[in-house]
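Working notes, structure below.
Number of protein chains: 2
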Amino acid sequence: EQAAVVGVTADKKIAKVTLLDVHDEPGVAAKVFKDLARADVNVRLIIQAAATHDRNRITFVIDLDKAETVRMLGLTWLKRKIAGEVLIDMDVAKIAIVGSRIASTPGLGARMFDALAKHRINIDCISTSEMKVSCVIGGKQLDEAVRAIHEEFFGTSKRKTSGPA
Amino acid sequence: EQAAVVGVTADKKIAKVTLLDVHDEPGVAAKVFKDLARADVNVRLIIQAAATHDRNRITFVIDLDKAETVRMLGLTWLKRKIAGEVLIDMDVAKIAIVGSRIASTPGLGARMFDALAKHRINIDCISTSEMKVSCVIGGKQLDEAVRAIHEEFFGTSKRKTSGPA
Ligand SMILES: C[C@@H](O)[C@H](N)C(=O)O
Ligand SMILES: C[C@@H](O)[C@H](N)C(=O)O
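Note that the protein sequences, when read in sequence, are chains A and B. Using the numbering used here, read the first sequence as starting at 1 and increasing by one per residue. Using the numbering used here, read the second sequence as starting at 1001 and increasing by one per residue.
Structure follows, in structure tokens:
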């Protein structure tokens, strides 16, 4: 089966939450995501890269309307020293290329990153799966990013799909 | 459609590559992943959490047999000041729960993280998609992790699936 990018999805109704200075020891992620589940916060994406010196950071993407709930939870994480800092950014957007065998085809992600770079759009977070390469970028650059990626993969900047990425 | 975890996948034939001290400016990710595509390195997972100040880190997972190719590429990234440090860890494994509507069901990821925590298994990286929650852990703990997660979701520790996560 040939890999093919079949669409671009974009979503602005999200907030990005980053827990900084998290202890890199068993049980920390479990506490954070159990709290979120109990508060019925739908976590759309979890991104934790590798740690260094027993400290790590966890970024996750939530629905924009849950930002206040998570801000309150964040206060308890600070008090319980689960994280040194909790940042919530609401001026973000998620953009993704979707299709078959995306992750296992070297180069599709690179073309997406390159299209964003040519338009001076900084990539804040990256997350991939078999069917998708997702980037978190600044909210104000979403429209330009969708055009840039459509141009790269479909040769036109007209077509636009939206909806949850 | 009810969310359900239908399986656990595990994979040890991987290496984890982390670029530390990466400039957080447009174009950096494009350069790295264009180099990897040109060297025909299949990148199975890309994880970049949010940056702070103007530095970030990028973690990606490759097939174990490409570690030497990426080590050579890493030397060029250091020389070109794309990254301050390039770490390659071959004693890692990827474990994932798979099923429908996994990411959008609060609590499934938390149960996975909790099952690992109860067995004192540290979670090095986390990446999620609609159908999957993946964790990178230490290679030596993979068998224990598979048993722990099977027990949590299927109530038995007998069944074991393996293959690429
Ligand atoms: C940082 C966090 O993921 C920690 N390593 C844990 O296992 O919970
Ligand atoms: C770190 C890297 O992703 C950078 N922000 C870029 O846009 O390429």
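Cβ atoms here follow ideal geometry from the backbone N, Cα and C, with glycine treated the same way. Computed from a predicted model, the values in this text were never measured in an experiment.
9 Å Cβ cutoff, residue i in contact with chain B
{"i": "L116/A", "result": "yes"}
{"i": "D11/A", "result": "no"}
{"i": "K140/A", "result": "no"}
{"i": "L36/A", "result": "yes"}
{"i": "L176/A", "result": "Chain A is shown from 1 up to 165; residue 176/A falls before or after that span and cannot be answered."}
{"i": "D91/A", "result": "no"}
{"i": "A145/A", "result": "no"}
{"i": "R57/A", "result": "yes"}
{"i": "V136/A", "result": "yes"}
{"i": "I149/A", "result": "no"}
Span of the beta strand (DSSP E), counted from its first residue to its last, around residue i
{"i": "D89/A", "result": "E85 to D89"}
{"i": "L1019/B", "result": "I1014 to H1023"}
{"i": "T59/A", "result": "R55 to D63"}
{"i": "G1109/B", "result": "Segment L1108 to K1118 is the alpha helix (DSSP H) holding G1109/B; no beta strand (DSSP E) there."}
Neighbouring residues, chain A, relative to residue i (Cβ below 8 Å)
{"i": "V1043/B", "result": "A103, P106, G109 and T128"}
{"i": "R1120/B", "result": "P26"}
{"i": "L1020/B", "result": "T52"}
Counterpart residues of residue i in DSSP-defined beta bridges
{"i": "Q1048/B", "result": "I126/A"}
{"i": "A1004/B", "result": "S1100/B"}
{"i": "T9/A", "result": "A96/A"}
{"i": "V43/A", "result": "I62/A"}
Beta-carbon gap between residue i and residue j smaller than 9 Å
{"i": "I1137/B", "j": "L1116/B", "result": "yes"}
{"i": "T1059/B", "j": "T1009/B", "result": "no"}
{"i": "E85/A", "j": "S104/A", "result": "no"}
{"i": "I1046/B", "j": "V133/A", "result": "yes"}
{"i": "V1092/B", "j": "V1070/B", "result": "no"}
{"i": "G7/A", "j": "G99/A", "result": "yes"}
{"i": "A50/A", "j": "N42/A", "result": "no"}
{"i": "I149/A", "j": "I97/A", "result": "yes"}
{"i": "A39/A", "j": "L73/A", "result": "yes"}
{"i": "A1003/B", "j": "R1101/B", "result": "yes"}
Chain-ordered chain A contacts of residue i [CB-CB under 7 Å]
{"i": "D1065/B", "result": "Simply none; closest approach about 14 Å."}
{"i": "F1113/B", "result": "A29, A30 and F33"}
Chain A contact residues for residue i, given Cβ-Cβ distances below 9 Å
{"i": "A1096/B", "result": "The contacting residues do not exist; A1096/B stays about 10 Å from chain A at best."}
{"i": "K1132/B", "result": "S129 and E130"}
{"i": "I1046/B", "result": "A103, G109, I126, S127, T128 and V133"}
Residue-chain proximity (residue i, chain A), Cβ-Cβ < 9 Å
{"i": "A1003/B", "result": "no"}
{"i": "R1159/B", "result": "For R1159/B, the predicted structure reports a pLDDT of 48, less than 50, and the residue's modelled location is therefore unreliable. A value from the coordinates is still provided. Judged by the 9 Å Cβ criterion, R1159/B is not in contact with chain A."}
{"i": "T1076/B", "result": "no"}
{"i": "I1082/B", "result": "no"}
Contacts of residue i in chain B (Cβ-Cβ under 9 Å)
{"i": "K16/A", "result": "A1050"}
Limits of the unbroken alpha helix (DSSP H) element including residue i
{"i": "K1132/B", "result": "Per DSSP, K1132/B belongs to no alpha helix (DSSP H); it is in the beta strand (DSSP E), K1132 to G1138."}
{"i": "T69/A", "result": "A67 to K79"}
{"i": "I1149/B", "result": "L1142 to F1154"}
Contact list for residue i against chain B, beta-carbon separation under 8 Å
{"i": "I88/A", "result": "Here the premise fails: no neighbours, minimum Cβ distance about 11 Å."}
9 Å Cβ cutoff, residue i in contact with chain D
{"i": "N1042/B", "result": "Chain labels in this structure do not include chain D; the protein chains are A and B."}
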